[in-house]
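Residue numbers for the sequence shown follow my numbering, so the first one is 64 and each next one is one higher. Even glycine gets a Cβ: it sits at the ideal position worked out from N, Cα and C. Data block below; observations after.
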Amino acid sequence: MSHGFETLAIHAGQDPEARTGAVIPPIYQTSTYAQDAVGAPRLGYEYSRSGNPTRDALQDCLAALEAGQVGLAFASGLAAEDTLLRAVCEPGSHVVIPDDAYGGTYRLFARVQQRWGLEFTPAKVSDPDAVRAAIRPGSTKLVWVETPTNPLLGIADIATLAAVAHDAGALLVVDNTFASPYLQQPITLGADVVVHSTTKYVGGHSDVVGGALVTADAGLGEELRYHQNAMGAVNGPFDAWLTLRGIKTLGVRMDRHCDNAERLAAYLDGHAKVAQVIYPGLPSHPGHEVAAKQMRRFGGMISFRAAGGEEHAVEICNRAKLFVLAESLGGVESLIEHPGRMTHASAAGSPLEVPGDLVRLSVGIETVDDLLADLEQALG
């Protein structure tokens with residue numbers, strides 16, 4: 064029997080605990096497990112890096128929400144990315160990445176993986192021809208996509224890029240952090256692997272760091288599970304429990320994030336002190352039609368360019384009061400940041416450098432009129 068998203072978010076991997084009937088999965092805060100005999104671990108559990116019941120509950124839930132075969136939880140989104148790259152690639156392999164990828168992802172490729180021998184080419188993922196041209200036949204192992212991208216909110220056509228990647232013998236990886244599985248399920252559109260920073264919308268309360276991989280293929284999932292254990296960047300049981308708690312309200316939170324973001328985007332659009340609003344829900348966004356086709360709604364992230372240039376953008380960030388000046392995104396509280404000097408500073412001087420006049424908003428679930436008033440005073 065199939066269930067709706069909200070039902071899966073509450074129940075997938077989370078049956079009442081067998082011994083006591085506890086409705087919420089227990090936190091198995093243990094490093095090791097008593098074994099019934101030499102070589103006979105009880106229920107397969109022997110050491111919590113290799114397996115933990117609380118983490119298993121989270122992994123099963125993530126796989127269900129993304130319509131995948133195997134879900135794996137990690138200590139952070141970047142730990143998930145690093146594990147995937149080392150499992151699938153080798154020195155000399157090539158990856159196509161977004162030309163406006165998250166700064167941490169770019170840093171991982173440029174400062175860590177490149178030293179290991181992995182090569183990469185940035186491409187505009189909203190342009191399938193640009194992605195196709197960036198592929199190196201025979202050596203491209205992955206086409207790596209964010210949609211929406213961070214921070215310029217570009218939209219990639221997942222189904223089209225899946226075909227492009229598969230024609231070249233590569234896998235399509237989709238970072239689904241900005242959309243969340245509630246708004247978009249890349250595997251149903253042809254993606255091979257979905258990546259999440261579960262720190263963001265999945266956890267949703269800015270109180271836990273984590274990451275995830277979900278695979279369309281069970282065999283690839285088991286290969287990644289081997290590397291998850293071998294590399295060891297797993298999240299702990301309390302972190303897994305907090306993330307599961309956040310997932311239960313993901314659907315209702317995302318609807319409110321979207322409601323508020325739509326109101327704020329409409330307010331900013333055409334504002335005298337805003338040069339450009341970047342939000343997939345606006346018909347003026349070049350990826351609007353693709354986003355409408357593959358997303359349930361358009362998300363809670365807005366970027367805009369300040370009419371007064373970089374210093375004006377910095378002043379807006381500094382003047383905001385209800386919008387907290389902070390990195391990260393996807394929590395219940397609204398955040399504001401200057402990507403060029405904060406989350407994407409590592410991309411300065413590279414092809415992925417972001418405009419200095421850019422401001423990024425993570426729109427929370429507060430009363431929308433309060434958010435509008437704060438933006439009005441921050442714009443000056």
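Pairwise C-alpha distance: residue j and residue i
{"i": "A324", "j": "P104", "result": "50 Å"}
{"i": "T212", "j": "A143", "result": "18 Å"}
{"i": "F367", "j": "A303", "result": "34 Å"}
{"i": "L171", "j": "A226", "result": "26 Å"}
{"i": "G131", "j": "F301", "result": "24 Å"}
{"i": "S189", "j": "D220", "result": "7 Å"}
{"i": "D119", "j": "Q98", "result": "19 Å"}
{"i": "A329", "j": "Y165", "result": "25 Å"}
{"i": "F386", "j": "H334", "result": "18 Å"}
{"i": "D270", "j": "G201", "result": "43 Å"}
{"i": "S391", "j": "G102", "result": "44 Å"}
{"i": "A410", "j": "Q177", "result": "15 Å"}
{"i": "L327", "j": "H229", "result": "39 Å"}
{"i": "W207", "j": "T83", "result": "44 Å"}
{"i": "D437", "j": "V426", "result": "12 Å"}
{"i": "D123", "j": "L442", "result": "44 Å"}
{"i": "V337", "j": "A186", "result": "27 Å"}
{"i": "E286", "j": "S397", "result": "38 Å"}
{"i": "N381", "j": "I365", "result": "17 Å"}
{"i": "G363", "j": "G393", "result": "8 Å"}
{"i": "Y110", "j": "G284", "result": "20 Å"}
{"i": "R174", "j": "L216", "result": "24 Å"}
{"i": "Y342", "j": "A193", "result": "22 Å"}
{"i": "H66", "j": "E80", "result": "21 Å"}
{"i": "Y169", "j": "D255", "result": "21 Å"}
{"i": "A370", "j": "R359", "result": "31 Å"}
{"i": "P214", "j": "L106", "result": "44 Å"}
{"i": "I218", "j": "E209", "result": "8 Å"}
{"i": "A383", "j": "G403", "result": "17 Å"}
Nearest to residue i (by Cα), restricted to the options the options
{"i": "T306", "options": "G371, E285, F386 and G274", "result": "G274"}
{"i": "L235", "options": "D220, L205 and I218", "result": "L205"}
{"i": "R308", "options": "P402, S65 and H74", "result": "H74"}
{"i": "F361", "options": "G372, E373 and H348", "result": "H348"}
{"i": "G344", "options": "G393, A338, C321 and V86", "result": "C321"}
{"i": "G282", "options": "L442, A150 and E416", "result": "A150"}
{"i": "E69", "options": "M405, Q357 and M317", "result": "M317"}
{"i": "S139", "options": "A254, H66 and G266", "result": "G266"}
{"i": "G419", "options": "Q440, L435, I379 and G393", "result": "I379"}
{"i": "T406", "options": "P414, V422 and V395", "result": "V422"}
Residues of its chain near residue i, where Cβ-Cβ distance is below 6 Å and the 5 sequence neighbours each way are ignored
{"i": "C152", "result": "L181 and K204"}
{"i": "R313", "result": "First, the amino acid is wrong: residue 313 is Leu here, not Arg. Same-chain partners within the cutoff: A72 and Y245."}
{"i": "Y108", "result": "Y96 and G114"}
{"i": "T184", "result": "V159 and A197"}
{"i": "A127", "result": "L71 and A75"}
{"i": "L331", "result": "V337, V340 and F367"}
{"i": "L125", "result": "G134, A275 and V277"}
{"i": "V431", "result": "N323 and R326"}
{"i": "E373", "result": "G419 and D420"}
{"i": "M294", "result": "T146"}
Bridge partners - residue i, DSSP secondary structure assignment
{"i": "A100", "result": "A103"}
{"i": "D220", "result": "Its beta-bridge partners do not exist; DSSP assigns none."}
{"i": "H157", "result": "E182 and T203"}
{"i": "R423", "result": "S366 and E400"}
{"i": "T95", "result": "Y110"}
{"i": "V271", "result": "Partner(s): none; V271 has no beta bridge."}
{"i": "L388", "result": "I399"}
First and last residue of the uninterrupted beta strand (DSSP E) at residue i
{"i": "T203", "result": "T203 to E209"}
{"i": "D238", "result": "L234 to D238"}
{"i": "H375", "result": "H375 -> not in any beta strand (DSSP E); alpha helix (DSSP H) instead, spanning G372 to R382."}
{"i": "V151", "result": "Segment G140 to V151 is the alpha helix (DSSP H) holding V151; no beta strand (DSSP E) there."}
{"i": "V256", "result": "V256 to H259"}
Extent of the continuous alpha helix (DSSP H) run through residue i
{"i": "L135", "result": "L135 -> not in any alpha helix (DSSP H); beta strand (DSSP E) instead, spanning V133 to F137."}
{"i": "Q291", "result": "A281 to M294"}
{"i": "L276", "result": "Careful: L276 lies outside any alpha helix (DSSP H), inside the beta strand (DSSP E) at G274 to T278."}
{"i": "A329", "result": "L313 to L331"}
{"i": "Q122", "result": "P116 to L128"}
{"i": "A338", "result": "No alpha helix (DSSP H) holds A338; the beta strand (DSSP E) holding it covers V337 to I341."}
{"i": "V353", "result": "H351 to Q357"}
{"i": "F74", "result": "One detail in the question is off: residue 74 reads as His in this sequence, not Phe. F68 to H74 is the span of the alpha helix (DSSP H), which, as asked, contains H74."}
{"i": "G167", "result": "G166 to R170"}
{"i": "I310", "result": "P300 to I310"}
{"i": "S243", "result": "S243 to L246"}
{"i": "Q440", "result": "V431 to L442"}
{"i": "P88", "result": "It is not in any alpha helix (DSSP H) - P88 carries neither H nor E in the DSSP assignment."}
{"i": "P191", "result": "P191 to A197"}
Sequence-distant residues of its chain with Cβ nearer than 7 Å to residue i (five each side left out)
{"i": "W179", "result": "P154"}
{"i": "I90", "result": "T117, P300, F301 and W304"}
Own chain partners of residue i with C-beta closer than 8 Å, once the 5 adjacent residues on each side are dropped
{"i": "E129", "result": "N239, P244, Q248, P249, I250, V257 and V277"}
{"i": "D433", "result": "L385"}
{"i": "F137", "result": "A143, T146, G273, G274, A275, L276, Q291, A296, V297 and N298"}
{"i": "L252", "result": "I221, A222, A225 and Q357"}
Test: residue i CB closer than 8 Å to a CB of chain C
{"i": "I87", "result": "In the structure shown, chain C cannot be found, because there is only a single protein chain."}
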